[in-house]
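To start, the structure itself, in structure tokens.
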Amino acid sequence: MELPRGPLCFIDYRVQRCPLPINLCLSRKLQQLKVVVIVVLVVVVVVVVVVVVVVVVVVVVVVVVVGLVVVVVAVAVIVVIIAVAVRVVVVVVVVVVVVVVVVVVVGILVAVVEVAVIVEVVVVLVVMVAALVVVV
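Residue 109 in the UniProt record's numbering sits at position 109 of the sequence shown, with consecutive numbering throughout.
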């Protein structure tokens with residue numbers, strides 16, 4: 001069996017006779033290479049974005065949980081000291097209100113951080129799509 005006549009062309013990592021003109025062969029190979037590069041870039045960007053989001057969420061959750069535990073323990077110690085020293089019910093109510101306010105404020109701060117993370121992810125995805133449009 002005779003190979004097709006034409007210039008040498010690299011297809012599928014081996015040298016063979018290309019039945020098409022050399023320009024078409026090379027442009028097809030470049031298109032395949034461009035698709036591979038785009039897929040690799042997309043996978044890398046998605047992995048980086050997912051890792052960043054997971055790390056930020058874990059850090060925020062750990063900071064919030066540790067902060068809440070510290071606040072609750074400190075308030076409990078203050079309540080016990082005041083209750084033993086003064087024995088007034090009003091002080092306990094005030095401390096409970098303070099704890100509730102602190103928890104609400106921390107919750108609002110966590111929500112703000114989560115919104116910032118979502119905005120960051122959206123910006124990264126928009127930049128990635130723009131880069132793909134430029135590459136293609």
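Backbone N, C-alpha and C fix where the C-beta goes; we use that ideal spot for every residue, glycine too.
| query | result |
| --- | --- |
| Between ILE108, VAL42, VAL53 and ALA74, which has its C-alpha nearest VAL129's C-alpha? | VAL42 |
| For VAL106, I'd like the list of residues in its chain whose CB is within less than 7 Å of its CB, leaving aside the five on either flank, ordered along the chain. | VAL64, GLY67 and LEU68 |
| For the region 103-123 against the region 29-45, are there 3 or more C-beta pairs whose distance is under 8 Å? | no |
| Confirm, please, whether the CB-CB distance from VAL99 to VAL75 is below 8 Å. | yes |
| What distance in whole Å lies between the Cβ atoms of VAL49 and VAL124, which are believed to be in contact at a cut-off of 8 Å? | 5 Å |
| Quick check on this structure: which residue in VAL47, VAL39, VAL36 and VAL53 has the alpha carbon closest to the alpha carbon of ALA116? | VAL53 |
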